[in-house]
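S.K.: Numbering (the numbering used here), first residue to last: 3 to 215.
Even glycine gets a Cβ: it sits at the ideal position worked out from N, Cα and C.
Let me begin by handing over the structure; questions about it come next.
This is how it looks when you write it as structure tokens:
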């Protein structure tokens, strides 16, 4: 990981370090404090396909930040959390500055809460759109309509999925698509042997998450 961790701040008891699996209990506690539904498995998956940093104070995790590189031009960032008792002291800035350094000039995309907007705007980020999260429980599952063009994906579809995803997003997200397909259920739209769409559903949080679509 190409990032310089400056831990030599006089009088500062916090330490910035690379994310390791041993940090999972600590970061899980952070997300639970925020009311986010991540499980240990969700943190472990995110770390397996990306990279991360944690901020520790006396051995306790007080902040986290993760990112996922897509080739040499793009990256996405997320799971950026600072425990409430440590907010307002520059810890969020320290984490995010280190994250930006680690992405090595890539164009970084992220989903921000309202609370995080100020931090990101100060570093040149602009609002691109709005993401709405919908959660619910289907008491009566809606029966799927039969469609000859939609079928379960197979291993042989993976190259087509990766290529289609890159055409749709403009980013080489192949490793991420492969990792999601490995843990989720995938269906494709197959038009005369050509994949023209796909969707992935996987276990996440208190239920399942659908996406990308």
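What's the gap between the Cα of residue 103 and the Cα of residue 152?
M.R.: 42 angstroms
S.K.: Which value, in whole angstroms, describes the spacing of the CA atoms of residue 166 and residue 90?
M.R.: 43 angstroms
S.K.: For the stretch 101–157, which segments carrying the beta strand (DSSP E) assignment without a break, of at least 3 residues, lie completely within its bounds, in sequence order?
M.R.: 109–112, 152–154
S.K.: Can you give me the C-alpha to C-alpha distance between residue 202 and residue 69, rounded to a whole angstrom?
M.R.: 21 angstroms
S.K.: Quick one: what's got a C-beta closer than 8 angstroms to residue 155's C-beta in the same chain, skipping five residues either side?
M.R.: Excluding residues within five positions, the ones whose Cβ falls inside 8 angstroms are 163, 183, 188, 189, 190, 200.
S.K.: Determine the contact status of residue 85 and residue 160, defining contact as a CB-CB distance below 8 angstroms.
M.R.: no
S.K.: Which residue or residues does DSSP assign as beta-bridge partners of residue 57?
M.R.: Its beta-bridge partners are 18, 65.
S.K.: Along the beta strand (DSSP E) that carries residue 81, what are the first and last residues, could you check?
M.R.: 76–84
S.K.: Sort 26, 204, 212, 176 by Cα distance to residue 136 and report the nearest one.
M.R.: 212
S.K.: Mind checking who residue 49 pairs with in its DSSP beta bridge?
M.R.: DSSP lists no partner for residue 49.
S.K.: My assumption, with CB atoms under 8 angstroms, is that residue 55 sits in contact with residue 16. Please give the rounded CB distance.
M.R.: Your pair residue 55 and residue 16 does not check out as a contact, with CB atoms roughly 12 angstroms apart and the cut at 8 angstroms.
S.K.: Cutting at 8 angstroms between CB atoms, please list the residues of its own chain near residue 93, excluding the five before and the five after it.
M.R.: 16, 57, 64, 65, 84
S.K.: Is it buried or exposed for residue 61, if we count other Cβ within 10 angstroms and need 16 for buried?
M.R.: exposed
S.K.: Based on Cα-Cα distance, which residue from 214, 215, 207 lies nearest to residue 30?
M.R.: 207
S.K.: Once the 5 residues before and after residue 77 are set aside, which same chain residues still bring their CB inside 7 angstroms of it?
M.R.: 69, 70, 71, 105, 108, 110
S.K.: Considering only the alpha carbon of each residue, which of 34, 124, 45, 150 lies closest to residue 192?
M.R.: 150
S.K.: Go through its chain and collect everything with a Cβ distance to residue 52's Cβ below 8 angstroms, but skip five positions before and after it.
M.R.: Only residues of its own chain outside the window of five on either side were considered, and among them 68, 69, 70, 71 have a CB closer than 8 angstroms to the CB of residue 52, listed in chain order.
S.K.: Assign residue 45 to one of two classes, buried (16 or more other C-beta atoms within 10 Å of its C-beta) or exposed (fewer than that).
M.R.: buried
S.K.: Let me check understanding here. Comparing Cα to Cα, which of 40, 98, 129, 157 lies closest to residue 181?
M.R.: 157
S.K.: Judging by CA-CA distance, which residue of 27, 40, 114, 21 is the nearest neighbour of residue 210?
M.R.: 40
S.K.: On the criterion of 16 or more Cβ atoms from any shown chain inside 10 Å, does residue 142 qualify as buried, or is it exposed?
M.R.: exposed
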